[in-house]
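Chains as they are written, first to last, in the numbering used here: chain W, 15 to 123; chain F, 630 to 928.
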């Protein structure tokens with residue numbers, strides 16, 4: 015499955031551990047953040063195109079303050095790519111679809 | 630290439646209202662926008678839109694978007710890269726090419742940046758351009774809002790719900806441009822401290838924002854800086870089409886026509902006198918009506 019929901023309690027397993035098998039993109043977002051709501055469908059579409067090569071993990075920062083704090087999230091949308099348990103690339107703010115596609119392609123291999 | 634009667638560029642209140650009117654005129658219509666809802670979607674509170682006593686910007690935007698979609702208008706989240714005028718207008722986006730008989734430019738404005746050292750470095754690490762998005766991360770922290778407009782004051786009022794101290798750094802000696810209602814609330818707030826006659830010269834920190842330096846060399850310890858110093862016109866599209874502008878804003882007549890036949894403009898991108906959601910809606914409606922009239926005449 016290309017997209018999963020993660021939270022403070024399963025982050026370790028679904029992101030950190032999972033990223034040792036396949037790159038995991040974490041989309042830190044909140045429903046009151048307009049650019050997050052716009053970015054969501056774009057990143058989901060591109061993740062779906064790359065099904066099997068990457069997993070998209072949606073993280074609602076409003077409901078999950080612990081991990082957001084641990085990763086120093088101070089601006090959303092905030093998107094981080096994890097590989098082998100570590101952040102390899104990240105971006106902040108709304109990006110157009112082609113830029114997201116390029117970012118994913120550059121970082122999954 | 631997909632063909633449309635009308636293509637609306639921009640998806641804020643002007644573009645969405647133009648879409649609603651075009652939809653009801655049964656015109657084949659496409660709206661292309663990057664941030665659906667536009668600038669207003671990031672507003673913390675909207676209290677001057679008739680019928681909405683108090684609504685968040687994102688809710689208001691979603692209502693407009695929902696209405697326009699229900700009328701069969703297509704909405705695409707793409708970025709326009711090139712527009713050419715041939716028999717019809719050819720619009721190239723980052724992913725496709727479209728043609729339209731008429732176009733309505735409702736492209737809004739770009740947020741102005743501070744252009745000081747540290748601003749880019751700390752983006753996402755204490756520097757923010759969206760208080761509604763990021764305010765909640767500053768619980769029990771100290772923040773500064775830069776600017777003195779409605780956007781700056783409402784950002785400060787939102788931030789006082791989370792932060793212990795909110796400074797407003799403003800270059801003028803008092804609030805000139807903001808709505809009196811917001812000024813009153815700011816003055817009554819115990820957490821908000823305006824610092825007038827001041828400009829931010831540098832944003833300083835190690836891994837994240839730690840302090841700001843003002844023009845009088847005074848330094849203030851802050852955890853976050855919210856930049857709300859207004860907007861500037863985006864001249865890329867008007868220039869491509871040879872559209873006349875005034876200080877970068879598109880010149881229109883009362884029918885929202887520009888100097889180029891078949892091109893209409895509405896909302897904050899135009900040289901109108903009031904840049905508000907309600908005036909943008911009004912101009913969007915008129916632009917749609919004018920486009921419809923021209924299409925009808927040519928058939």
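Cβ coordinates follow ideal geometry from the N, Cα and C atoms, glycine included. Note that the coordinates shown come from a computational prediction; the quantities given were computed from them, not determined experimentally.
Short CB-CB distance (under 9 Å) between residue i and chain W
i, result
"residue 676 of chain F", "no"
"residue 762 of chain F", "yes"
"residue 837 of chain F", "yes"
"residue 832 of chain F", "no"
"residue 735 of chain F", "no"
"residue 706 of chain F", "yes"
"residue 794 of chain F", "no"
"residue 765 of chain F", "yes"
"residue 822 of chain F", "no"
"residue 671 of chain F", "yes"
"residue 665 of chain F", "yes"
"residue 752 of chain F", "yes"
"residue 687 of chain F", "yes"
"residue 757 of chain F", "yes"
"residue 728 of chain F", "no"
"residue 927 of chain F", "no"
"residue 778 of chain F", "no"
"residue 690 of chain F", "yes"
Residue-level contact to chain F via CB, residue i, 9 Å cutoff
i, result
"residue 167 of chain W", "Since the first residue shown for chain W is 15 and the last is 123, residue 167 of chain W is missing from the structure and cannot be characterised."
"residue 76 of chain W", "yes"
"residue 108 of chain W", "yes"
Segment limits, beta strand (DSSP E) that includes residue i
i, result
"residue 689 of chain F", "Careful: residue 689 of chain F lies outside any beta strand (DSSP E), inside the alpha helix (DSSP H) at 686-699."
"residue 894 of chain F", "892-894"
"residue 98 of chain W", "Looking at the DSSP string, residue 98 of chain W is not in any beta strand (DSSP E), and its letter there is neither H nor E."
"residue 73 of chain W", "69-74"
"residue 672 of chain F", "Note, residue 672 of chain F: premise wrong, no beta strand (DSSP E); not H, not E."
"residue 19 of chain W", "17-20"
"residue 124 of chain W", "An answer regarding residue 124 of chain W cannot be provided, because it is not within the stretch 15 to 123 covered by chain W."
"residue 632 of chain F", "631-638"
"residue 14 of chain W", "The structure shown does not extend to residue 14 of chain W, since chain W is modelled only from 15 to 123, so the question has no answer here."
"residue 707 of chain F", "From DSSP, residue 707 of chain F is part of no beta strand (DSSP E); its letter is neither H nor E."
Whole-angstrom distance between residue j and residue i, CA atom to CA atom
i, j, result
"residue 900 of chain F", "residue 33 of chain W", "51 Å"
"residue 895 of chain F", "residue 928 of chain F", "25 Å"
"residue 714 of chain F", "residue 756 of chain F", "40 Å"
"residue 690 of chain F", "residue 674 of chain F", "12 Å"
"residue 830 of chain F", "residue 797 of chain F", "15 Å"
"residue 920 of chain F", "residue 854 of chain F", "43 Å"
"residue 40 of chain W", "residue 60 of chain W", "14 Å"
"residue 646 of chain F", "residue 912 of chain F", "9 Å"
"residue 101 of chain W", "residue 795 of chain F", "32 Å"
"residue 730 of chain F", "residue 887 of chain F", "15 Å"
"residue 862 of chain F", "residue 669 of chain F", "16 Å"
"residue 47 of chain W", "residue 123 of chain W", "31 Å"
"residue 826 of chain F", "residue 857 of chain F", "16 Å"
"residue 866 of chain F", "residue 664 of chain F", "17 Å"
"residue 54 of chain W", "residue 734 of chain F", "26 Å"
"residue 698 of chain F", "residue 704 of chain F", "7 Å"
"residue 50 of chain W", "residue 105 of chain W", "12 Å"
"residue 749 of chain F", "residue 710 of chain F", "25 Å"
Run of the alpha helix (DSSP H) containing residue i, from where it starts to where it stops
i, result
"residue 115 of chain W", "111-122"
"residue 63 of chain W", "48-63"
"residue 81 of chain W", "79-84"
"residue 645 of chain F", "642-653"
Exercise for review: Below 9 Å between beta carbons is the criterion; list the residues of the segment 82-106 of chain W that meet it against any residue of chain F, in chain order.
Suggested key: Within the segment 82-106 of chain W, the qualifying residues are 82, 83, 86, 87, 88, 89, 90, 91, 92, 104, 105 and 106.
Check your understanding: What residue ranges within the segment 816-867 of chain F form continuous beta strand (DSSP E) runs of no fewer than 3 residues, ordered along the chain?
Key -> DSSP runs (the beta strand (DSSP E)) wholly in the segment 816-867 of chain F: 821-824, 829-834, 838-843, 848-850, 853-856 and 860-862.
Review point. Which ranges would you report for the alpha helix (DSSP H) in the segment 759-817 of chain F if only whole runs of at least 4 residues count?
Key: Within the segment 759-817 of chain F, the complete alpha helix (DSSP H) runs of at least 4 residues are 760-763, 779-788 and 809-817.
Check your understanding: Looking at chain F, which residues of the segment 28-55 of chain W have a Cβ within less than 9 Å of any of its Cβ atoms?
Key -> Correct list: 44, 45, 46, 47, 48, 49, 50, 51, 52 and 55.
Point to revise | chain W contacts from the segment 845-873 of chain F (Cβ-Cβ distance under 9 Å) | key: Using a CB distance below 9 Å, the part of the segment 845-873 of chain F facing chain W consists of 852 and 853, ordered along the chain.
Review point. Which ranges does the beta strand (DSSP E) cover as unbroken runs of at least 3 residues, wholly within the segment 893-925 of chain F, from first to last along the chain?
Key: Listed in chain order, nothing qualifies, since the segment 893-925 of chain F has no complete beta strand (DSSP E) run of 3 or more residues.
Check your understanding: Taking any Cβ of chain W, which residues in the segment 715-726 of chain F have a Cβ under 7 Å from it, in chain order?
Key -> Flagged, chain order: 723 and 724.
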